[in-house]
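Below is one structure, written out as structure tokens; the observations come after it.
Number of protein chains: 2
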Amino acid sequence: MTLSEEDYIKAIYHLSKDEQKGVSTNAIAAQMDTKASSVTDMIKRLAEKKVVHYKKYQGARLTEEGKAYAAKIIRKHRLWEFFLVEKLNFSWDEVHDIAEELEHIKSDKLIEKLDTFLDYPRIDPHGDPIPDSNGNIKKVEKTLLSSIKKGKKGIVVGVKDSSSEFLRYLDKLNIALGEEITVLNKEPFDNSVLIKLNDSEINISAMTANNIFLKTN
Amino acid sequence: MTLSEEDYIKAIYHLSKDEQKGVSTNAIAAQMDTKASSVTDMIKRLAEKKVVHYKKYQGARLTEEGKAYAAKIIRKHRLWEFFLVEKLNFSWDEVHDIAEELEHIKSDKLIEKLDTFLDYPRIDPHGDPIPDSNGNIKKVEKTLLSSIKKGKKGIVVGVKDSSSEFLRYLDKLNIALGEEITVLNKEPFDNSVLIKLNDSEINISAMTANNIFLKTN
DNA sequence: AATAATTTTTAGACAAATCTAAAAATTTGT
DNA sequence: ACAAATTTTTAGATTTGTCTAAAAATTATT
């Protein structure tokens with residue numbers, strides 16, 4: 001599988017989480033920052049390689065083989081992210097782009113040895129689950145901060161947007177994985193949320209609240 | 001710089017150690033396992049990028065910029081090899097191919113943090129020096145076992161051939177970096193060498209002796 | 001020094017991955 | 001339901017890195 005093919009497989013995998021039907025050509029083009037015509041070409045190639053099902057005008061859908069391949073790439077991505085943060089002392093906003101490259105390194109033995117070295121982590125630096133060596137992904141129980149009721153609280157367990165801009169903003173707010181957040185009030189006007197964090201009260205926008213995952217008990 | 005361009009730069013670098021003049025098209029083709037015509041094309045591209053000097057029929061020669069680039073790739077390659085052996089417990093015959101992929105990962109910050117994590121190693125698992133962050137390579141003092149006089153001894157500090165076949169053969173002979181070897185006799189008929197290693201005497205072929213580096217005092 | 005052998009370069013083709021522009025199919029709006 | 005809008009596909013071109021075959025230059029031989 002080429003680098004580009006792997007990127008497409010990953011994109012289709014991520015897009016099909018929300019989607020029941022096939023993932024649309026345009027959606028893939030947007031995700032991959034390319035043109036619809038390029039996507040059509042690539043989907044055909046991937047269909048020949050049996051990693052996607054493809055019928056004209058019906059979008060793309062990963063085969064079982066395709067899903068397993070995607071899980072493997074995601075496993076590699078997240079294990080490398082964990083390595084970069086825990087062993088090399090990168091911060092959580094710096095690791096995505098480097099892991100995008102490292103995830104394409106081929107050796108299976110490498111990734112199993114890395115997993116052992118890291119002591120089999122289950123969660124990456126952004127709170128996302130690391131698939132096991134069989135490609136199984138443990139679903140993490142989590143709720144968007146934006147949909148938590150006034151008065152309720154939870155622990156930060158993940159982010160939806162893991163762009164470095166957003167992560168650096170969270171750093172500035174002192175919001176990190178493991179922090180406890182209590183929803184003090186929700187403003188109906190703009191859906192902003194007043195929260196308590198470390199005994200201080202801060203107001204966060206609807207957009208921000210919509211990108212933070214909490215675990216409630 | 002693309003992956004392929006980086007591979008050519010590295011090949012030219014390694015070939016120009018023995019060579020005073022430009023490295024010939026054919027020599028590069030052999031090293032890269034490709035055709036001379038492909039090499040000519042690539043050399044022209046590299047010349048446009050100012051990493052090699054090129055005049056028709058005169059072979060290729062790295063510019064200062066090209067040499068610095070090569071040193072950087074080699075630094076990455078050897079640091080990753082050290083990581084694979086020391087942290088992930090790979091054996092010395094398994095790491096070359098994986099490092100060939102890892103050496104192309106772009107981030108400068110990654111390689112500096114890796115260097116720190118590994119505590120600034122100077123020598124890779126095959127005894128080759130790791131260039132520092134400025135691209136300077138410390139020359140290691142070493143002599144081929146094949147050219148050591150009868151009765152003299154030395155410490156194994158490197159190998160010339162680092163193919164996994166050769167390295168596994170050395171494992172079988174219990175020859176590893178740091179071992180002391182004494183040359184007991186040299187057979188004029190086939191240039192084989194009788195050595196003492198850990199109180200046992202073994203006979204090694206001229207070819208083997210020609211791929212082991214010793215440090216003599 | 002002329003010819004033969006070898007090396008290197010050029011010319012033209014090809015596959016992968018992309019693009020633009022236009023055609024075809026599907027979906028939407030009234 | 002049918003025209004308009006949108007989405008998707010096709011057709012043809014481009015770039016990178018490769019190839020084969022043939023031409024040009026260099027090196028070796030007698």
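Just so you know, the protein sequences line up as chains D and C, in that order. Counted from 1, the first sequence has number 32 at position 32 by full-length UniProt numbering; the numbering is strictly sequential. Counted from 1, the second sequence has number 168 at position 168 by full-length UniProt numbering; the numbering is strictly sequential. From the three backbone atoms N, C-alpha and C, an ideal C-beta is built for every residue, glycine too.
Reference Leu118(C), options Tyr169(C), Asn210(C) and Lys76(C), closest by Cα: Taking the first residue of the second sequence as 1, we reach residue 118(C) at position 118. Out of Tyr169(C), Asn210(C) and Lys76(C), Lys76(C) has the C-alpha closest to the C-alpha of Leu118(C).
Ala176(C) versus Pro188(C) - alpha carbon distance: The count along the second sequence starts at 1 and reaches residue 176(C) at position 176. The count along the second sequence starts at 1 and reaches residue 188(C) at position 188. Approximately 26 Å between the Cα atoms of the pair.
Beta carbon proximity, Ser107(C) to chain D, threshold 8 Å: As a working mapping, residue 107(C) is identified with position 107 in the second sequence. Yes, because at least one Cβ of chain D sits closer than 8 Å to the Cβ of Ser107(C).
In DSSP terms, what Val193(D) is bridged to: For this step, residue 193(D) is matched to residue 193 along the first sequence. Answer by DSSP bridge pairing, in chain order: Lys186(D) and Ile204(D).
CB of Gly127(C) within 8 Å of CB of Phe213(C), strictly: The residue you call residue 127(C) lines up with position 127 of the second sequence. The residue you call residue 213(C) lines up with position 213 of the second sequence. In contact: Gly127(C) and Phe213(C) (Cβ atoms closer than 8 Å).
Inter-residue Cα distance where the pair is Asp190(D) and Ser146(D): The residue you call residue 190(D) lines up with position 190 of the first sequence. The residue you call residue 146(D) lines up with position 146 of the first sequence. Roughly 12 Å separates the two Cα atoms.
Continuous alpha helix (DSSP H) stretch holding Leu62(D): start and end: Residue 62(D) sits at position 62 when you count from the first residue of the first sequence. Element bounds for Leu62(D): not the alpha helix (DSSP H) but the beta strand (DSSP E), Ala60 to Leu62.
Three-state secondary structure (DSSP) of Glu86(D): Numbered from 1 along the first sequence, position 86 holds the residue referred to as residue 86(D). Glu86(D) falls in the helix class under three-state DSSP.
Cβ-based burial, Arg122(D) [other Cβ within 10 Å; buried from 16]: In the first sequence, the residue the question calls residue 122(D) occupies position 122. Classification of Arg122(D): exposed, given that the 10 Å Cβ count is below 16.
Nearest neighbour of Phe90(C), chosen from Lys10(D), Glu112(D), Lys196(D) and Leu194(D) [CA to CA]: Your numbering for residue 90(C) matches position 90 in the second sequence. Nearest C-alpha to Phe90(C): Glu112(D).
Residues of its chain near Lys50(D), where Cβ-Cβ distance is below 7 Å and the 5 sequence neighbours each way are ignored: By one-based count along the first sequence, residue 50(D) stands at place 50. Thr63 and Glu65, listed in sequence order.
Within 9 Å of chain D by C-beta, residues of the stretch 82-110 of chain C in sequence order: Leu84, Lys87, Leu88, Asn89, Phe90, Glu94, Asp97, Ile98, Glu101, Leu102, His104, Ile105, Lys106, Ser107, Lys109 and Leu110
In DSSP terms, what Gly127(C) is bridged to: Against the second sequence, residue 127(C) aligns to sequence position 127. Gly127(C) is not bridged to any residue.
Proximity to Val95(C) [Cα-Cα], best of Glu103(C), Ala29(C), Leu84(C) and Asn134(C): For the purposes of this step, residue 95(C) is identified with residue 95 of the second sequence, where counting begins at 1. Among Glu103(C), Ala29(C), Leu84(C) and Asn134(C), the Cα nearest to that of Val95(C) belongs to Leu84(C).
Chain C contact for Lys113(D) (CB, 8 Å cutoff): Counting from one through the first sequence, the residue named residue 113(D) turns up at place 113. Yes, Lys113(D) lies at the interface with chain C (some Cβ there is under 8 Å from its Cβ).
Cβ separation of Tyr54(D) and Ile9(D), assumed to be a contact under 8 Å, to the nearest whole Å: Numbered from its first residue, the first sequence carries residue 54(D) at position 54. Numbered from its first residue, the first sequence carries residue 9(D) at position 9. About 13 Å; that fails the 8 Å criterion.
CB contact flag (Phe82(D), Pro125(D), <8 Å): One-based indexing of the first sequence puts residue 82(D) at position 82. One-based indexing of the first sequence puts residue 125(D) at position 125. Yes.
is_contact[Phe166(C), chain D] using C-beta, thresh 8 Å: For this step, residue 166(C) is matched to residue 166 along the second sequence. Not an interface residue.
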